[in-house]
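Chemist: The structure's right below; bear with me while I get my questions together.
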Amino acid sequence: MPELKRCFEAAGFSEVKTLLSSGNIVFNARSSSLASLEQRAEKAMQSELGHSFDTFVRPSRYLQDLIDSDPFAELSLAPSAKRVVTFLRNPVPPDVELPIEHDGASIVKANATEVFSAYVPDPKKGPVFMRLLERSFGKGITTRTLDTVIKCAKA
């Protein structure tokens, strides 16, 4: 991930750290809209790497507030269920009716720009939950386990 770190530094972000190996970046930036920060990061990746990845920026305080809201608390989920958060570029469409369930994966809750899902991993079925999310919200999304979101907020 050193290449990705260099991209963000080249874009003028400070205190850049990569987290895990899934493209999570923690950085500081002067006050700016989230959309302009995302565009700046994508432009830097294109310039430095020759390609870019969809970028979703959320302030650490926002992530901490999301975690503190305990979005899965009132749900009855299997102990082995993975809890995942999907970040959207645009607000959740008002006509989306939840829960949406398919083959052991459930989209259970949403706020303005995040969707909360759960699934029990099954190697035979593959990433059913991702297919369900993409079918419901399109491919312009990024998904992280709740544990990863917690690590990003603390970094």
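In short: position in the sequence shown from 1, add 638, done, that's this note's numbering. Yeah, the Cβ is synthetic: ideal placement off N, Cα and C, and Gly gets one too. Note that this is a predicted model, so its numbers are computed, not measured.
Tell me whether valine 797 sits in a helix, a strand or coil according to DSSP, three-state version.
Modeler: Since the displayed the chain opens at 639 and closes at 793, residue 797 lies outside it and no answer follows.
Chemist: Would you check if the distance between the CB atom of alanine 719 and the CB atom of valine 758 is smaller than 7 Å?
Modeler: Mapped onto the sequence shown, residue 719 falls at position 81. Mapped onto the sequence shown, residue 758 falls at position 120. Yes, they are a contact pair.
Chemist: Are the CB atoms of valine 695 and leucine 715 nearer to each other than 7 Å?
Modeler: The residue given as residue 695 occupies position 57 in the sequence shown. The residue given as residue 715 occupies position 77 in the sequence shown. No, Cβ-Cβ distance for valine 695 and leucine 715 is not below 7 Å.
Chemist: Tell me, which residues are paired with phenylalanine 691 by DSSP?
Modeler: Here residue 691 is taken as the residue at index 53 of the sequence shown, counted from 1. The partner list for phenylalanine 691 (beta bridge, DSSP) is empty, contrary to what the question assumes.
Chemist: May I ask you to report which of helix, strand or coil DSSP gives valine 871?
Modeler: With the chain running from 639 to 793 in the structure shown, residue 871 is simply not present.
Chemist: So threonine 786 is in the alpha helix (DSSP H); what residue range does that whole segment cover?
Modeler: Here the question's residue 786 lines up with position 148 in the sequence shown. Here the alpha helix (DSSP H) through threonine 786 covers 784-792.
Chemist: Might you give, ordered along the chain, the residues of its own chain that have their beta carbon closer than 7 Å to the beta carbon of valine 654, omitting 5 neighbours on each side?
Modeler: Translated into the one-based positions of the sequence shown, residue 654 becomes position 16. Result list for valine 654: Lys643, Phe646, Glu647, Ile663 and Phe665, in chain order.
Chemist: Classify arginine 699 as buried or exposed, calling it buried when 16 or more other Cβ atoms lie within 10 Å of its own Cβ.
Modeler: In the sequence shown, the residue the question calls residue 699 occupies position 61. It is exposed - the Cβ of arginine 699 has fewer than 16 other Cβ atoms within 10 Å.
Chemist: Sorted by chain position, which residues of the same chain lie with C-beta nearer than 8 Å to alanine 649's C-beta, five sequence neighbours on each side aside?
Modeler: Residue mapping note: residue 649 aligns to position 11 of the sequence shown, counting from 1. Within the same chain, alanine 649 has close Cβ partners Arg678, Ala679, Lys681 and Ala682.
Chemist: Just curious, the beta strand (DSSP E) that arginine 721 is in, first and last residue?
Modeler: Stepping through the sequence shown from its first residue, residue 721 is reached at position 83. Segment 720-726, the beta strand (DSSP E) holding arginine 721.
Chemist: Between the alpha carbons of leucine 726 and histidine 689, how many angstroms are there, rounded?
Modeler: For this step, residue 726 is matched to residue 88 along the sequence shown. For this step, residue 689 is matched to residue 51 along the sequence shown. Computed Cα separation, rounded: 21 Å.
Chemist: In the structure shown, what three-state DSSP assignment does glutamate 712 receive?
Modeler: The count along the sequence shown starts at 1 and reaches residue 712 at position 74. Coil, per DSSP.
Chemist: Where does the unbroken alpha helix (DSSP H) through valine 766 begin, and where does it stop?
Modeler: Indexing the sequence shown from 1 puts residue 766 at position 128. Taken as a continuous stretch (DSSP letters only), the alpha helix (DSSP H) holding valine 766 covers 766-775.
Chemist: Exposed or buried, which one is serine 755 when buried takes at least 16 other CB atoms within 10 Å?
Modeler: Reading the sequence shown from its first residue, position 117 is the one you call residue 755. Buried, by the Cβ-count rule.
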